[in-house]
Amino acid sequence: METKKTALHDQHVASGAKMVPFAGFVMPIQYSGILDETLAVRRNVGVFDVSHMGEFEFRGADAEKFLNRMTTNNVAKLEVGQVQYSSMLYDDGGMVDDLLVYRFEDRYVMVVNASNIDKDYRWLEEHLDGDVELKDISDRTTLLAIQGPRAIELVRGITDTPLDEMAYYHFREDEAGGVPAWISRTGYTGEDGFEIYACRDDSERLWEVVWEAGRPLGLKPVGLGARDLLRLEASYCLYGNDIDQTTNPIEAGLSWIVKTKKKGGFIGLEPVLKARGKPHRRLVGFVLNGKGIARHSADIFHDTGKVGQVTSGGYSPTLDKSIGLGYIDKPYDETGTVIEVDLRGRRIPAEVIQTPFYRRE
Amino acid sequence: MEIPSELHYTRDHEWLRTEGEEATVGITDYAQSELGDIVYIELPEVGVDVVQGKTFGAVEAVKAAADLFAPVSGEVTAVNGSLDQSPELINQSPYDDGWLIKVRLAKPGEVETLLSADDYRKLIEQSGGD
Chain A
76 METKKTALHD QHVASGAKMV PFAGFVMPIQ YSGILDETLA VRRNVGVFDV SHMGEFEFRG
136 ADAEKFLNRM TTNNVAKLEV GQVQYSSMLY DDGGMVDDLL VYRFEDRYVM VVNASNIDKD
196 YRWLEEHLDG DVELKDISDR TTLLAIQGPR AIELVRGITD TPLDEMAYYH FREDEAGGVP
256 AWISRTGYTG EDGFEIYACR DDSERLWEVV WEAGRPLGLK PVGLGARDLL RLEASYCLYG
316 NDIDQTTNPI EAGLSWIVKT KKKGGFIGLE PVLKARGKPH RRLVGFVLNG KGIARHSADI
376 FHDTGKVGQV TSGGYSPTLD KSIGLGYIDK PYDETGTVIE VDLRGRRIPA EVIQTPFYRR
436 E
Chain B
15 MEIPSELHYT RDHEWLRTEG EEATVGITDY AQSELGDIVY IELPEVGVDV VQGKTFGAVE
75 AVKAAADLFA PVSGEVTAVN GSLDQSPELI NQSPYDDGWL IKVRLAKPGE VETLLSADDY
135 RKLIEQSGGD
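Sequence order for the protein chains is A and B. Going by the working numbering, the letters in the first sequence line up with residues 76 to 436, in that order. Going by the working numbering, the letters in the second sequence line up with residues 15 to 144, in that order.
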């Protein structure tokens, strides 16, 4: 498979980014350092090029009905200008992807994980029904995330859209930096912030304008390394780590995006109803009480028996603690349970704690 | 990439500075740069014997963990206690404040088996380092 570059590849390299292959793209993993960038977003403001994410457009009289059948949240409840976190399931209840649905006046847009673009598109295409026109617009869409307590100041400097009126998980189709853009109050960091979608051809212009407005605020470029830590601190699931085709949304703690009573149901409803009855394991957060970082797929023990597996782990600079997420069998998933995580042959004591690890004030 | 000429190096990216019968051990600038932010460090206690080529500890960076291999054999005579609270010293000053352990050389001849600064530079250039 050819490796793709985002439109801002050269800007990242010029900014000192370390570039790595990710989901078919070459992407910046870090610039000044993962910890420095993480704290910059918590304390100030950072910009992420996440143009590798996928975007699908849905038009036609049956678009709402189709999306409601394909996704677990209730698309019928979406108002124009609103965004919804949701997921798609296989027939057996395993997860195809987690995603966002945007409702425009004349269409819907689904935003999916970069690593799942082809798979998701095929899944949607196979199920197309009625008057629905599906289009993959990923390659012509640039996405910049501007996140942090000062993100609103920055974005105010590049758009006339009334941001104070824009609630969390809402968006406007407008202009940013003089180019057409969707300005969305969403993010994957646990901070206030915006995600700005624009045409690929306008990427450089948008990047420059963001830097003009951001430089006086101390804006920093942020790579995928810090993005992963920020989302872990906020306890957001990462597809491929915490959720995948072998997990269902109930055990992942995503019941709130699964509307089992909505009209018409959705693909994967029956297995999800069964799982809702008695999940045998649950995705929980834990903190290590010893040195080390819990890496993906490390085993979790209680006394002598294996009771679970780590799905994500990292050092949290915001909390100065080593934290992680993992699936733990009941009843060891209760908050306060003392567990052990096997790190390269050493058992490190840990404790199940409430998530999110970090919540902004 | 800083590679001080007076030090000896291993293929596993540790350095050795000899001072008479004693030697100081650390990881190279290249190693810390490849690892990125180091957040935890595991080191042996004073009095423990380390063996050339064998693991004597580990560094845990945000991205990944890496074993530490002893450049020479001998008894550990000192451990850099500052790293417990400030492992970032390894990133900031890999050849000075970020040193790891000091060892009393059991087999001084082992030093001759290590790489020179020039050889080490060639090694990291071949592995795509800069």
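Glycine included, every Cβ here is placed at the ideal spot set by N, Cα and C.
Between the Cα of residue i and the Cα atoms of the options, which residue gives the shortest distance?
| i | options | result |
| --- | --- | --- |
| G205 of chain A | A:T321, A:G135, A:E270 | A:G135 |
| T32 of chain B | B:S141, B:G123, B:R135 | B:G123 |
| P101 of chain B | B:G88, B:G50, B:E59 | B:G50 |
| D172 of chain A | A:Y314, A:L394, A:G340, A:Y407 | A:Y314 |
| R434 of chain A | A:K210, A:D408, A:G265 | A:G265 |
| T321 of chain A | A:R144, A:Y165, A:M145, A:Y106 | A:Y165 |
| D195 of chain A | A:D211, A:R182, A:V207, A:P96 | A:D211 |
| G252 of chain A | A:W286, A:L305, A:S259, A:D408 | A:W286 |
| E436 of chain A | A:L294, A:I368, A:D267, A:D404 | A:D267 |
| P406 of chain A | A:H371, A:K381, A:R356, A:R370 | A:R356 |
| E130 of chain A | A:E112, A:L153, A:D193 | A:D193 |
| T78 of chain A | A:H87, A:S90, A:P96, A:P324 | A:P96 |
| L218 of chain A | A:I318, A:T81, A:P237 | A:T81 |
| S190 of chain A | A:V184, A:L292, A:E154, A:L174 | A:L174 |
| K84 of chain A | A:S126, A:D111, A:A115, A:G293 | As written in the sequence, residue 84 of chain A is His, which differs from the Lys given in the question. Per the Cα distances, A:S126. |
| I398 of chain A | A:G367, A:G380, A:R419 | A:G367 |
| G112 of chain B | B:I55, B:E35, B:G34 | B:I55 |
| G99 of chain A | A:Y390, A:N188, A:T386 | A:N188 |
| M128 of chain A | A:E250, A:A220, A:P291 | A:A220 |
| L294 of chain A | A:A226, A:Q429, A:K336, A:D317 | A:A226 |
| V76 of chain B | A:T113, A:G121, A:T412, A:V120 | A:T113 |
Using the C-alpha atoms, what's the distance from residue j back to residue i?
| i | j | result |
| --- | --- | --- |
| I233 of chain A | R280 of chain A | 11 Å |
| K353 of chain A | Y263 of chain A | 30 Å |
| I104 of chain A | K338 of chain A | 42 Å |
| K334 of chain A | A350 of chain A | 14 Å |
| M15 of chain B | V125 of chain B | 23 Å |
| L358 of chain A | S310 of chain A | 10 Å |
| N94 of chain B | N105 of chain B | 14 Å |
| G143 of chain B | Y44 of chain B | Model confidence at G143 of chain B stands at a pLDDT of 49, short of 50, so the residue's coordinates are unreliable; what they give is reported in the following sentence. Taking the straight line joining both Cα atoms gives about 8 Å. |
| I375 of chain A | M241 of chain A | 42 Å |
| K93 of chain A | A327 of chain A | 32 Å |
| R455 of chain A | F133 of chain A | No statement about residue 455 of chain A is possible, as the shown extent of chain A runs from 76 to 436 and does not include it. |
| G340 of chain A | V150 of chain A | 11 Å |
| S47 of chain B | H27 of chain B | 11 Å |
| F83 of chain B | E415 of chain A | 27 Å |
| L21 of chain B | L30 of chain B | 6 Å |
| A37 of chain B | P296 of chain A | 41 Å |
| I138 of chain B | R25 of chain B | 9 Å |
| M384 of chain A | A288 of chain A | The sequence shown places Gln at residue 384 of chain A, not Met. Each residue's alpha carbon lies about 44 Å from the other. |
| Y23 of chain B | A72 of chain B | 17 Å |
| L103 of chain B | S19 of chain B | 21 Å |
| G168 of chain A | I332 of chain A | 14 Å |
| R118 of chain A | G401 of chain A | 28 Å |
| A78 of chain B | L344 of chain A | 39 Å |
| P85 of chain B | L128 of chain B | 7 Å |
| D378 of chain A | A425 of chain A | 12 Å |
| D277 of chain A | V254 of chain A | 7 Å |
| G223 of chain A | I271 of chain A | 14 Å |
| T236 of chain A | L305 of chain A | 27 Å |
| E74 of chain B | G88 of chain B | 24 Å |
| G360 of chain A | L299 of chain A | 21 Å |
| I318 of chain A | S107 of chain A | 30 Å |
My assumption, with CB atoms under 8 Å, is that residue i sits in contact with residue j. Please give the rounded CB distance.
| i | j | result |
| --- | --- | --- |
| D81 of chain B | T69 of chain B | 5 Å |
| L114 of chain B | V39 of chain B | 5 Å |
| I41 of chain B | P108 of chain B | 6 Å |
| N323 of chain A | V347 of chain A | 6 Å |
| L142 of chain A | V101 of chain A | No, L142 of chain A and V101 of chain A are not in contact; Cβ-Cβ is about 32 Å, not under 8 Å. |
Which residue spans inside the region 211-242 of chain A form an unbroken beta strand (DSSP E) run of at least 3?
Runs of the beta strand (DSSP E) inside the region 211-242 of chain A: 216-222.
If the cut-off is 7 Å on Cβ atoms, which residues from the region 103-128 of chain A count as contacting chain B, listed in chain order?
Answer in chain order: Q105, G108, I109, L110.
Give, in chain order, every residue of the region 393-419 of chain A whose Cβ lies closer than 9 Å to some Cβ of chain B.
For the region 393-419 of chain A, which is checked against every Cβ of chain B, the residues closer than 9 Å are S397, L418, R419.
Using a Cβ-Cβ cut-off of less than 8 Å, list which residues of the region 297-313 of chain A approach chain B; keep chain order.
Closer than 8 Å at the C-beta level to chain B, one finds these residues of the region 297-313 of chain A: G300, L304.
Just list the beta strand (DSSP E) runs in the region 72-142 of chain B, keeping only unbroken ones of 3 residues or longer that don't cross its boundaries, in chain order.
Annotation note: the region 72-142 of chain B contains the following uninterrupted beta strand (DSSP E) runs of length 3 or greater, listed N- to C-terminal: 79-83, 88-93, 115-119.
Length-filtered (3 minimum) beta strand (DSSP E) runs lying within the region 347-409 of chain A
Listed in chain order, the complete beta strand (DSSP E) runs (minimum 3 residues) inside the region 347-409 of chain A are 356-363, 374-377, 380-391, 396-404.
Check distances from the C-beta atoms of the region 110-143 of chain B to those of chain A and list, in chain order, the residues that come in under 9 Å.
So the list is empty, because no residue satisfies the distance condition.
My parser needs the alpha helix (DSSP H) runs of 4 or more residues fully inside the region 108-179 of chain A; what are they?
The region 108-179 of chain A contains these whole alpha helix (DSSP H) runs: 109-118, 138-145.
Short of 7 Å Cβ to Cβ, which residues in the region 27-58 of chain B face chain A?
Answer in chain order: G50, D51, V53, Y54, E56.
Every unbroken alpha helix (DSSP H) inside the region 237-304 of chain A [4 residues or more]:
List check, alpha helix (DSSP H) in window: 278-289.
Near-chain A residues of the region 57-75 of chain B (beta-carbon distance less than 7 Å), N- to C-terminal order:
Hits within the stretch, in order: E74.
Please identify, using Cβ separations under 7 Å, the residues of the region 348-367 of chain A that lie next to chain B, in order along the chain.
The region 348-367 of chain A vs chain B, Cβ under 7 Å: K366, G367.
Positions along the region 143-163 of chain A whose CB lies within less than 9 Å of some CB in chain B:
None of the residues of the region 143-163 of chain A has a beta carbon lying less than 9 Å from any beta carbon of chain B.
Check distances from the C-beta atoms of the region 73-95 of chain B to those of chain A and list, in chain order, the residues that come in under 9 Å.
Under the 9 Å Cβ criterion, the region 73-95 of chain B contributes E74, A75, V76, K77, A78, A79, D81.
Positions along the region 167-201 of chain A whose CB lies within less than 9 Å of some CB in chain B
Flagged: no residues at all.
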